[in-house]
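Novice: Numbering (my numbering), first residue to last: 154 to 504.
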Ligand SMILES: [Zn+2]
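#1: Here's the rule I'm using: 16 or more other beta-carbon atoms within 10 Å means buried, otherwise exposed. How should residue 159 be labelled?
#2: For residue 303 versus residue 328, is the C-beta distance shorter than 8 Å?
#3: Is DSSP giving residue 367 helix, strand or coil here?
#4: Would you list the residues whose beta-carbon is nearer than 5 Å to any heavy atom of ligand 1, in the order they occur in the chain?
#5: Does residue 471 pass the burial test, meaning 16 or more other C-beta atoms within 10 Å, or should it be called exposed?
#6: In angstroms with no decimal places, state the Cα-to-Cα distance between residue 341 and residue 383.
#7: For residue 264, which residues does DSSP report across the bridge?
#8: Grab the span of the alpha helix (DSSP H) containing residue 319 for me, first residue to last.
#9: DSSP three-state call for residue 392: helix, strand or coil?
#10: Between which residues of its own chain and residue 477 is the CB-CB distance below 6 Å, once the five residues before and five after are set aside?
#11: Identify whether residue 407 lies in helix, strand or coil by the three-state DSSP scheme.
#12: Kindly provide the ranges of any beta strand (DSSP E) runs that are 3 or more residues long and lie completely inside the region 200-258, ordered along the chain.
#13: Closer than 8 Å is the cut-off here; do at least three beta carbon pairs connect the region 187-197 with the region 437-448?
#14: When you compare each of 264, 396 and 474 to residue 404 by their alpha carbons, which one comes out closest?
#15: Per the DSSP calculation, residue 192 is bridged to which residue(s)?
#16: Roughly how many angstroms separate the alpha carbons of residue 456 and residue 281, rounded to a whole number?
#17: Taking DSSP as the reference, what is the three-state secondary structure of residue 490?
#18: Helix or strand or just coil, what does DSSP make of residue 161?
#19: Answer with yes or no whether the minimum CB distance from residue 436 to chain B is below 8 Å.
#20: From what residue to what residue does the alpha helix (DSSP H) around residue 181 run?
#21: Comparing alpha-carbon positions, which option in 314, 239 and 262 lies nearest residue 157?
#22: Note the first and the last residue of the continuous beta strand (DSSP E) segment covering residue 307.
#23: Alpha carbon to alpha carbon, how far is residue 254 from residue 400?
#24: Mind checking which residues open and close the beta strand (DSSP E) that includes residue 176?
#25: Indicate the three-state DSSP secondary structure (helix, strand or coil) for residue 350 in the structure shown.
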């Protein structure tokens, strides 16, 4: 147990007065930086190279994230069993929470505990339901011990699994954020995003919505419908990739202009040509917020520049805005008086 003082204002007070931004996507960014292995995607980095996790938390906060999400995504019992390291389960979770707590406390942001899809849920097998509940209970317990301000349950593909996660979070007394990852045809149980979110909202979730899998273009229309269907706060945390009506999720994107990607396709390690730029993510945030969606963020693929753009689109000026683009002082394309006319003239070749 820690003596951490809860952040004030808390999640619900912040949502009552404006948008809350939550940066996700730690797995992808730390994989890209060389500290996590694609495939298993287990966040051992929180034990092996904690300084890298501190740094990424701080970068996202610097860029405007209001939430520091403890990096326990896929740090659950099943994932650690798959890689044969169950003994790391508790130290990994406690370390991730302590790292996130330190960054939240130094920055006045919210500390979020995190639980997620267990990958063991089988609808007709009640044993898997009990096992999933046990996984949620142990992780939520550690988050409570660390003094979490809220708990995020994310990337669920089964409505009933998410309901169990919500039940465990509610028992902890912490505010709950539950988000589904929506495949092209809906959830694994056949539910669409609206129906699933409605069930979670009816069960008392504080925030419901979608995260991961879909990019802005294919997440936005669904989240609009969710907003219309529920009374609670609504979340939208897309992946920053250009998904399309034909390829609704990032798993389905295929880079046909390249012949050297792995046989498995562009997901998850060759999605680079599909990355949204910062302006697209800013537009997404603006459009969603004006539609009444007030919990906004980005999942796998997010970079601090995307988060800053979202924050600025919502009228914020996070510390990183000090370095937001100003092309007036560019050597060739600048318009500033201090740029030599000769170079401004040369710059015309870029027009
Ligand atoms: Zn994701």
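Don't be surprised by glycine CBs; every beta carbon is placed ideally from N, CA and C.
Specialist: Walking through what the data contain:
#1: In the chain shown, residue 159 corresponds to position 6, counting from 1. Classification for residue 159: exposed.
#2: One-based indexing of the chain shown puts residue 303 at position 150. One-based indexing of the chain shown puts residue 328 at position 175. Contact: yes.
#3: Here residue 367 refers to the residue found at position 214 when the chain shown is read from its first residue. Three-state result, residue 367: strand.
#4: Counting every residue whose Cβ lies closer than 5 Å to a heavy atom of ligand 1, we get 365, 452 and 453.
#5: Start at 1 with the first residue of the chain shown, and residue 471 comes out as number 318. Classification of residue 471: buried, given that the 10 Å Cβ count is 16 or more.
#6: Sequence index remark: in the chain shown, residue 341 carries index 188 (1-based). Sequence index remark: in the chain shown, residue 383 carries index 230 (1-based). If you take the alpha carbons of residue 341 and residue 383, they lie about 22 Å apart.
#7: Along the chain shown, one-based indexing puts residue 264 at 111. Bridge partners of residue 264: 221.
#8: Counting from one through the chain shown, the residue named residue 319 turns up at place 166. DSSP places residue 319 in the uninterrupted alpha helix (DSSP H) bounded by 312-325.
#9: Locating residue 392 in the chain shown gives position 239, where the first residue counts as 1. Residue 392 falls in the coil class under three-state DSSP.
#10: In the chain shown, residue 477 corresponds to position 324, counting from 1. Annotation for residue 477: no residue places its beta carbon closer than 6 Å to its own, counting only its chain and skipping 5 residues before and after.
#11: Here residue 407 refers to the residue found at position 254 of the chain shown. Coil, per DSSP.
#12: Here the runs fully enclosed are 220-222.
#13: Result no; under three Cβ-Cβ pairs closer than 8 Å.
#14: Your numbering for residue 404 matches position 251 in the chain shown. Among 264, 396 and 474, the Cα nearest to that of residue 404 belongs to 396.
#15: Mapped onto the chain shown, residue 192 falls at position 39. According to DSSP, residue 192 bridges with nothing at all.
#16: As a position in the chain shown, residue 456 is number 303, starting the count at 1. As a position in the chain shown, residue 281 is number 128, starting the count at 1. If you draw a straight line from the Cα of residue 456 to the Cα of residue 281, it comes to about 35 Å.
#17: Locating residue 490 in the chain shown gives position 337, where the first residue counts as 1. Note: residue 490 maps to coil in three-state DSSP.
#18: One-based indexing of the chain shown puts residue 161 at position 8. Reduced to three states, the DSSP call for residue 161 is coil.
#19: Of the chains in the structure shown, none is chain B; there is only one protein chain.
#20: Counting from one through the chain shown, the residue named residue 181 turns up at place 28. Per DSSP, residue 181 is one residue of the alpha helix (DSSP H) stretching across 179-185.
#21: Counting from 1 along the chain shown, the entry for residue 157 is found at position 4. It is 262.
#22: Along the chain shown, read from residue 1 onward, the residue named residue 307 stands at position 154. First-last of the beta strand (DSSP E) with residue 307: 303-309.
#23: For the purposes of this step, residue 254 is taken as the residue at position 101 of the chain shown. For the purposes of this step, residue 400 is taken as the residue at position 247 of the chain shown. Put simply, the backbone Cα of residue 254 is about 38 Å away from that of residue 400.
#24: As a working mapping, residue 176 is identified with position 23 in the chain shown. The continuous beta strand (DSSP E) containing residue 176 extends over residues 173-176.
#25: Translated into the one-based positions of the chain shown, residue 350 becomes position 197. Here residue 350 sits in helix by DSSP.
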